[in-house]
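Under UniProt numbering, the first residue of the sequence shown is numbered 1, with each subsequent residue one higher.
Working notes for the structure below.
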Amino acid sequence: MPVKKKDTDRALSLLEEYCKKLRKPEEQLLKNAVKKVMSIFKSSLFQ
Numbered sequence: 001m002p003v004k005k006k007d008t009d010r011a012l013s014l015l016e017e018y019c020k021k022l023r024k025p026e027e028q029l030l031k032n033a034v035k036k037v038m039s040i041f042k043s044s045l046f047q
């Protein structure tokens with residue numbers, strides 16, 4: 001099943017909002033992992 005751009009954009013939007021909520025020191029590893037996923041979604045793989 002091909003990935004649709006609107007689905008990728010929606011996922012990125014949701015991840016960005018979630019990332020903004022991660023502020024506690026113990027959440028930094030999770031925040032870094034979320035940022036890695038976001039960079040993958042922004043890569044040519046999902047364009």
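Note that CB positions come from ideal geometry on N, CA and C, so glycine has one too.
This structure is a prediction, so every number in the text was calculated from the model and none was measured.
Span separating the alpha-carbon of residue i from that of residue j
| i | j | result |
| --- | --- | --- |
| K6 | K31 | 23 Å |
| K35 | E26 | 16 Å |
| I40 | E16 | 13 Å |
In chain order, which alpha helix (DSSP H) runs of at least 4 residues are fully inside the UniProt domain "L27-1" (6 to 47)? 28 to 42
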